[in-house]
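Some notes on the structure that comes next.
2 protein chains.
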Amino acid sequence: MNAPDTGPTTRDRILNAAERLFAQRGYYGVTIRQITREAGVDVALASYYFGPKADLFRAVLERRAEELHGAILASIDAVEKRAGDRPPGVESLIRAFAQPSIDRLVRGGEGWRDYIHMMAGLYSSQQSEFLVAMNDMYTPAMRRVMELIRLSIPTASERSVTLSFYMLLTAVISIYSETVGLERLSNGTIHPTDFDAILDHLAPFFAAGFHRMASV
Amino acid sequence: MNAPDTGPTTRDRILNAAERLFAQRGYYGVTIRQITREAGVDVALASYYFGPKADLFRAVLERRAEELHGAILASIDAVEKRAGDRPPGVESLIRAFAQPSIDRLVRGGEGWRDYIHMMAGLYSSQQSEFLVAMNDMYTPAMRRVMELIRLSIPTASERSVTLSFYMLLTAVISIYSETVGLERLSNGTIHPTDFDAILDHLAPFFAAGFHRMASV
DNA sequence: GCATTTACTCAACGATCGTGTAAATATTTT
DNA sequence: AAAATATTTACACGATCGTTGAGTAAATGC
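Taken in order, these protein sequences are the chains called R and L. Its first residue numbered 1, the first sequence is counted upward by one per residue in the numbering used here. Its first residue numbered 1, the second sequence is counted upward by one per residue in the numbering used here.
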């Protein structure tokens, strides 16, 4: 068994091509025909496997969601365990939240990079149908981080932690998208792909913000 | 002179419609025919006034850039003057940077709201041609804020201030886009349109971050 | 008044879109 | 091996896309 197979399934070839193109140009910027052309399969196969275009988009979103979300939860659990019976520090929680995505972005291969770019592009779009779907996939992990931050800074109100976390979230996601913004802002001295260095800055930076708003 | 005219110019009607639609669905999500239909004018007039679609998009971007950028610079100058000969505080610089956009977003009418939504959507997109163009329009103001922050926190390295400012920038822009993210994160208790309240949180939050990274 | 420029309409171009359908081929199940 | 199912191909559909060019009406310059 396990004959030398010819690579990914047709279904997966379509998903891979869709992932890459949606990441580059967004939902409306990509046509079914471009996707199937890139995948090297007949146009009709997209409808055959996924139905309408919106369902294909959702399928791409869902394919890797469970693994990434699970990894984030596991990462948070690990930080919790390491902290013993005290609540873990805010900075380590931020790292735990962002690290799994960065790992996959940097070391997970093309597919993961495309997936994360695609999510980052989606998050700041106005297409609330998809946005809400994606948000829901990662809600438990986000809720968990906010809970633990509240335990770590008991004097901070729920509202304050939510607002602060939202700002953290938007910054993290913008970094995932690797836009040219950072490169231009720094005159080319900081590269948007230096994720590890960026996270080393981001974590204490935002942790300070959370603590500053402890009494609000 | 100045006969009772029939409202905006045809040119401006097209720009207004384009602004509104691009803000909602992005560059690829909008067709010239939708724009001209919304504007109530013939399809050919889009090409007549602006040439290809990309040039129309750029025209929308440019129309309000000078005014907003000027207002941001003026806002920074005002804070500087108020501070006398000492460098202004980081928190007031953050407010000065964000306030003009928020003013127009909340109190500038539909056109300004659409324009700012459109910019926010563009910023997190991967369409670097437009993104770079927009970035350049607002570079002087961003440079100025970073300079003044460095004067306010002389021990912070240029690299540190650039990274911190980038995170501020991404958060501010995400807030401008009024996505459903914040509303869902807070279970509906925080409304994405409460810009003044959000800015009251954001300013001290990020100021603390800047100061925390003073020695890096 | 006439000529030229400007503003706009109308119709059409070739290209591409998303999505079906019917037939052909490949694979699996019986 | 036969039957049933799954996959793939080829093709066509009506619709819409961005853009152009020819023609009309109004404003402007002389």
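Glycine included, C-beta positions come from ideal geometry on N, C-alpha and C. Since the structure is predicted, the reported quantities are computational estimates derived from the model, not experimental observations.
Other residues of its chain near L/S92: CB distance less than 6 angstroms, five sequence neighbours each side excluded
Counting from 1 along the second sequence, the entry for residue 92 of chain L is found at position 92. Closer than 6 angstroms at Cβ, skipping near neighbours: V79.
First through last residue of the alpha helix (DSSP H) which encompasses R/R104:
Counted from its first residue, the first sequence places residue 104 of chain R at position 104. Residues V90 to R107.
Any residues in the stretch 51-71 of chain L with a beta carbon nearer than 8 angstroms to a beta carbon of chain R? Which ones, in chain order?
none
Where L/D55 falls, given that 16 or more other Cβ within 10 Å makes a residue buried
Numbered from 1 along the second sequence, position 55 holds the residue referred to as residue 55 of chain L. By the 10 Å Cβ count, L/D55 comes out exposed.
Is there at least one Cβ from chain L nearer than 9 angstroms to R/P204's Cβ?
Translated into positions along the first sequence, residue 204 of chain R becomes position 204. With 9 angstroms as the cut-off, R/P204 counts as an interface residue toward chain L.
9 angstroms Cβ cutoff met for R/V98 and R/L202:
Your numbering for residue 98 of chain R matches position 98 in the first sequence. Your numbering for residue 202 of chain R matches position 202 in the first sequence. Checking the sequence, you will find Ala at residue 98 of chain R rather than Val. Yes, they are a contact pair.
Measure the alpha-carbon distance for L/D77 versus R/E178 and round it to whole angstroms.
Here the question's residue 77 of chain L lines up with position 77 in the second sequence. Here the question's residue 178 of chain R lines up with position 178 in the first sequence. Those two C-alpha atoms are separated by around 32 angstroms.
The alpha helix (DSSP H) enclosing L/Q34, as first and last residue numbers
Stepping through the second sequence from its first residue, residue 34 of chain L is reached at position 34. First-last of the alpha helix (DSSP H) with L/Q34: I32 to A39.
Using a Cβ cut-off of 9 angstroms (strictly closer), state whether L/Y27 contacts chain R.
Locating residue 27 of chain L in the second sequence gives position 27, where the first residue counts as 1. Taking Cβ atoms only, chain R reaches closer than 9 angstroms to L/Y27, which makes this a yes.
With burial defined as no fewer than 16 other Cβ atoms inside 10 Å of the residue's Cβ, what is the status of R/P100: buried or exposed?
Residue numbering aside, residue 100 of chain R sits at position 100 when the first sequence is read from its first letter. Per the 10 Å Cβ criterion, buried.
L/S215 beta carbon less than 9 angstroms from that of L/T222:
Summary: the structure shown does not reach residue 222 of chain L, with chain L confined to residues 1 through 216, and so no result is reported for it.
CB-CB length for R/A120 against R/Y28, believed under 8 angstroms:
Within the first sequence, the letter at position 120 stands for residue 120 of chain R. Within the first sequence, the letter at position 28 stands for residue 28 of chain R. Actually they do not touch by this definition, with Cβ atoms about 17 angstroms apart.
For the ligand NAD, any of its heavy atoms closer than 8 angstroms to the Cβ of R/G121?
As for the ligand NAD, it is missing from this structure, which has no ligand bound.
For R/T170, count neighbouring C-beta atoms within 10 Å of its own C-beta (all shown protein chains included) and say buried if the count is 16 or more, exposed if not.
In the first sequence, residue 170 of chain R corresponds to position 170, counting from 1. By the neighbour-count rule (16 or more Cβ atoms within 10 Å), R/T170 is buried.
Beta-carbon within less than 7 angstroms of L/L168's beta-carbon, same chain only, minus the 5 sequence neighbours each way: which residues are those?
Stepping through the second sequence from its first residue, residue 168 of chain L is reached at position 168. Only I94 and F206 meet the Cβ criterion.
Could you name the residues of the same chain whose beta carbon sits closer than 7 angstroms to that of L/E131, not counting the 5 residues immediately before and after it, in chain order?
For this step, residue 131 of chain L is matched to residue 131 along the second sequence. In the sequence as presented, Glu is not what sits at residue 131 of chain L; that position holds Leu. So the qualifying residues of the chain are L122, Y123 and S125.
Would you mind working out which of R/S152, R/S47 and R/H191 sits nearest R/G84, comparing C-alpha positions?
As a working mapping, residue 84 of chain R is identified with position 84 in the first sequence. Residue R/S152 is the option with its Cα nearest to R/G84.
Neighbourhood of L/Y115 by C-beta, 7 angstroms cutoff - its chain only, sequence neighbours within 5 removed:
Here the question's residue 115 of chain L lines up with position 115 in the second sequence. Contacts found: E19 and R64.
Chain R partners of L/R150, CB-CB under 9 angstroms?
Taking the second sequence and counting its residues from 1, one reaches residue 150 of chain L at position 150. Going along chain R, no residue has its Cβ under 9 angstroms from L/R150, so there is no contact; the nearest lies around 13 angstroms.
How is R/Y183 classed by DSSP in three states: helix, strand or coil?
One-based indexing of the first sequence puts residue 183 of chain R at position 183. Checking the sequence shown, residue 183 of chain R turns out to be Glu, not Tyr. Note: R/E183 maps to helix in three-state DSSP.
Less than 8 angstroms between C-beta atoms, sequence neighbours within five positions excluded: which residues of the same chain meet that for R/L148?
What you label residue 148 of chain R is simply residue 148 of the first sequence in a count that begins at 1. Cβ neighbours of R/L148 beyond the five flanking positions: I76, E80, P87, P88 and L93.
Could you pull out every unbroken alpha helix (DSSP H) segment of at least 4 residues lying fully inside the stretch 142-206 of chain L, listed in chain order?
158-176 and 181-185
Span of the alpha helix (DSSP H) holding R/T10?
As a working note, residue 10 of chain R is residue 10 in the first sequence. First-last of the alpha helix (DSSP H) with R/T10: T10 to R25.
Determine whether the Cβ of R/I153 lies closer than 9 angstroms to any Cβ atom of chain L.
Here the question's residue 153 of chain R lines up with position 153 in the first sequence. Not an interface residue.
Which value, in whole angstroms, describes the spacing of the CA atoms of R/A71 and R/D103?
Here residue 71 of chain R refers to the residue found at position 71 of the first sequence. Here residue 103 of chain R refers to the residue found at position 103 of the first sequence. Those two C-alpha atoms are separated by around 10 angstroms.
The alpha helix (DSSP H) with L/Y48 in it runs from where to where?
Here the question's residue 48 of chain L lines up with position 48 in the second sequence. First-last of the alpha helix (DSSP H) with L/Y48: A44 to F50.
First and last residue of the uninterrupted alpha helix (DSSP H) at L/A71:
Against the second sequence, residue 71 of chain L aligns to sequence position 71. Here the alpha helix (DSSP H) through L/A71 covers A65 to R82.
Once you ignore the five residues that flank L/T10 on each side, which residues in its own chain have a CB closer than 7 angstroms to its CB?
As a working mapping, residue 10 of chain L is identified with position 10 in the second sequence. V41 and L45.
Could you list the residues in the stretch 177-189 of chain L with a C-beta less than 8 angstroms from some C-beta on chain R, going in chain order?
S177, T179, V180, G181, L182, R184, L185, S186 and T189
Return the residue from the list R/E129, R/E62, R/L182 and R/S47 that minimises the CA-CA distance to L/Q24.
Locating residue 24 of chain L in the second sequence gives position 24, counting from the first residue. The candidate whose alpha carbon is nearest that of L/Q24 is R/E129.
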